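Shown next, in structure tokens, is the structure this report addresses.
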Amino acid sequence: MQGLVASTADRPLLSAIENAGLLGITSKQLASTTGRPVVEVEATLRRLSQAQRVLRVGKGLWILPRYKGQPGEESDVRGPSWYLDRFLKGFELPGPDPFQGEIQFNPNEELPVHRWWPYVQGFSAEFVRRTCEAFDIGPGKVVLDPFAGSGTVSVEARLRGAQTIASELMPVAAMVIRAKHLWTAAPSRVRSAARKLVVRARRGTPAPPPFLRETSRQFAPGALDSLLRMRAELERLPAGEVRSLLELAFAGVLVASSRLKRSPCLGYARKPEVGAETPYQRFLGMAELIATDLTWLKPQRGRFGPPAQVLEENSKQLDLPEASVDLAITSPPYVNGMDYVMNYKLEMAWLGQVRSYEDLARLKSDMVACDNVSPSVISAHEAGRWVKEDGWLSHALGQIEENIASKTVYRRRDMAEIVAKYFDDLVPVIVAVHRALRPGGKFVVVNGDSWMAGSYVPGDLLFGRLAVRAGFEVEKFEVARVRRSGQRRDFLLRESVLTLRKGAS
Ligand SMILES: C[S@@+](CC[C@H](N)C(=O)[O-])C[C@H]1O[C@@H](n2cnc3c(N)ncnc32)[C@H](O)[C@@H]1O
């Protein structure tokens, strides 16, 4: 019966509804996504609804029936729709608008400069470009990213002629951003220095391995030997642009030359054993790519802004002159998200940016809190006023505590405190960005929501509420994509784009 009702012509419509997941999608949005007239879409929806293939929920939102009754959708429990509905109404927003376009890093792997450091957690260059276009970013404008990662914002905004500021705590990321702004290096020097380095490495002696206990497990013996030889030669290079670019190339081939993969967390992979020659070839390949992009940049140099100002510091201490920034774009770590330090310890150890497990622990305790942070850092933390006074946050924290109390075993019994610290860590950054923006300046934030300890935490909306407390107005909320929860594969989460505005007064 169902097969007769839904034809192949219905597929684009059904897959658009599927993509909207728990959030649902309106008939107008469906019409624009599928390129069909609204009346036709509405007629199809009526037919599919009679056959129980789609379901109308709330105010004209369509979902697939399997999303009905998802955890958090019952009326007495606060789930995604409960929060989203109130957030949109509270700020008189029409949405949630579906965001059009690519937001994730993947397409950057083909793009000049961005491809020097493939960074799974990064923005797509297209997203930054469109945001800069929307806010008229060009020469004379200043763009800030307080959680700069691999520097996508600074590279894209500089290409448009703007001045850029990138604040980032993790040393390997700060190093990557600096290197990605070395646009005056001579391509021929990069190529010849890379070739000479490989020749010398083959003849030379290996450097001592980094301090990580698992090094010999992470690499096949031949590949490890080649990498250590290259590392020894890198240390002999004189400081300067070429060395920085070759360090970037070297760091960029470590995982590919190992038994590991990053997807997005670093872990062991089943893959063919890497031979002794591979690290040399990959390194030369990366150096060639950098040289090619430097050649592409050269004739256009006059159009670009200056190299990014990279602040390698804790963004909680960000202190920029008041009203000096036109646009801030960022993506903070997500609540209960990645442990960046553990994920990038390999590169940091090989580059000598961290020299011991104590260095790693110190760095981790300064990062925005994640669920891998040391229990002593959490127990020493006293929740701040804004976090304590936010009704939604208190509710979510209370629910997490209650759920954990009812379990005999749970990985982190201090999860509610971790989440409280996570939001506390964001508050000074939001305040600093607000101060730094010019009146009317925008703050565009890509963020996500989370499912943890049997509770739903709307991290993106809570960020918005804290921003309002700091003086921002909420201008727009867009849903960029639906993603699956790591803890409950059947629970759909979102990635969103929140646009905030600093008022004129
Ligand atoms: C989602 S990533 C940003 C990715 C970036 N949008 C890009 O395109 O590459 C978040 C970044 O925040 C950084 N971070 C976390 N805590 C920080 C802190 N307290 N101060 C500065 N940066 C921090 C992490 O190291 C990570 O690189």
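In our numbering, the protein residues as written are -19 to 485.
Backbone N, C-alpha and C fix where the C-beta goes; we use that ideal spot for every residue, glycine too.
Just so it is clear, the structure is predicted and the values come from calculations on it, not from any experiment.
To the nearest angstrom, how far is the alpha carbon of residue i from that of residue j?
| i | j | result |
| --- | --- | --- |
| Glu204 | Ser359 | The identity of residue 204 in the sequence shown is Leu, whereas the question assumes Glu. Distance between the alpha carbons of Leu204 and Ser359 is about 40 angstroms. |
| Tyr99 | Val156 | 10 angstroms |
| Gln143 | Pro119 | 7 angstroms |
| Gly70 | Trp62 | 12 angstroms |
| Pro126 | Gln84 | 18 angstroms |
| Val235 | Ser(-13) | 46 angstroms |
| Val393 | Met432 | Before going on, a small fix: residue 393 reads as Arg here, not Val. Their backbone Cα atoms lie some 12 angstroms apart in a straight line. |
| Ser336 | Ala137 | 36 angstroms |
| Arg262 | Gly255 | 12 angstroms |
| Val152 | Ser7 | 46 angstroms |
| Glu292 | Ala(-11) | 53 angstroms |
| Gly487 | Glu194 | Residue 487 lies beyond the stretch modelled for the chain, which goes from -19 to 485, so this question has no answer here. |
| Gly59 | Tyr436 | 6 angstroms |
| Trp42 | Val18 | 14 angstroms |
| Val315 | Val477 | 15 angstroms |
| Pro201 | Pro189 | 12 angstroms |
| Glu(-2) | Leu35 | 11 angstroms |
| Leu269 | Leu228 | 12 angstroms |
| Val135 | Trp163 | 11 angstroms |
| Val133 | Leu68 | 27 angstroms |
| Leu28 | Ser374 | 41 angstroms |
| Met266 | Glu89 | 12 angstroms |
| Gly282 | Val93 | 17 angstroms |
| Asp299 | Lys344 | 21 angstroms |
| Gln32 | Glu22 | 15 angstroms |
| Ser191 | Arg445 | According to the sequence shown, residue 191 is Phe rather than Ser. Distance between the alpha carbons of Phe191 and Arg445: 43 angstroms. |
| Phe174 | Gly317 | Contrary to the premise, residue 174 reads as Ala rather than Phe in this sequence. Roughly 37 angstroms separates the two Cα atoms. |
| Gly332 | Arg211 | 10 angstroms |
| Leu(-16) | Gln30 | Because Leu(-16) sits at a pLDDT of 46, beneath the cut-off of 50, its placement in the model cannot be relied upon, and the point is left open. |
| Phe199 | Asn86 | 26 angstroms |
Can you round the beta-carbon distance between residue i and residue j to whole angstroms, since I take them to be within the 8 angstroms contact cut?
| i | j | result |
| --- | --- | --- |
| Arg474 | Gly428 | 7 angstroms |
| Ser224 | Ala159 | 5 angstroms |
| Gly232 | Trp96 | 7 angstroms |
| Ala181 | Glu213 | 5 angstroms |
| Tyr320 | Pro313 | 7 angstroms |
| Val491 | Lys296 | Lying outside -19 to 485, the shown extent of the chain, residue 491 is not represented and no answer is given. |
| Lys456 | Asp77 | 7 angstroms |
CB residue i to CB residue j, shorter than 8 angstroms?
| i | j | result |
| --- | --- | --- |
| Ala460 | Phe103 | no |
| Leu441 | Leu64 | yes |
| Ile5 | Ala11 | no |
| Glu327 | His361 | no |
| Tyr260 | Ser304 | no |
| Leu307 | Lys325 | no |
| Pro167 | Leu274 | yes |
| Asn294 | Asp370 | no |
| Asn352 | Met395 | no |
| Ala400 | Val367 | yes |
| Arg183 | Val222 | no |
task = Tell me the start and end of each unbroken alpha helix (DSSP H) in the segment 360 to 391 that is at least 4 residues and wholly inside, in chain order.
result = 365 to 369, 371 to 385
request  = Any chance you could list the beta strand (DSSP E) runs of at least 3 consecutive residues sitting entirely within the segment 91 to 162, in chain order?
outcome  = 122 to 125, 143 to 147
task = At 4 residues or longer, and completely inside the segment 12 to 44: list those alpha helix (DSSP H) runs for me, N to C.
result = Every unbroken stretch of the alpha helix (DSSP H) spanning 4 or more residues and falling wholly within the segment 12 to 44 is given here in chain order: 18 to 30.
query = If you scan the segment 218 to 261 from start to end, which runs of the beta strand (DSSP E) of 3 or more residues do you find wholly inside it?
reply = 240 to 242, 246 to 248
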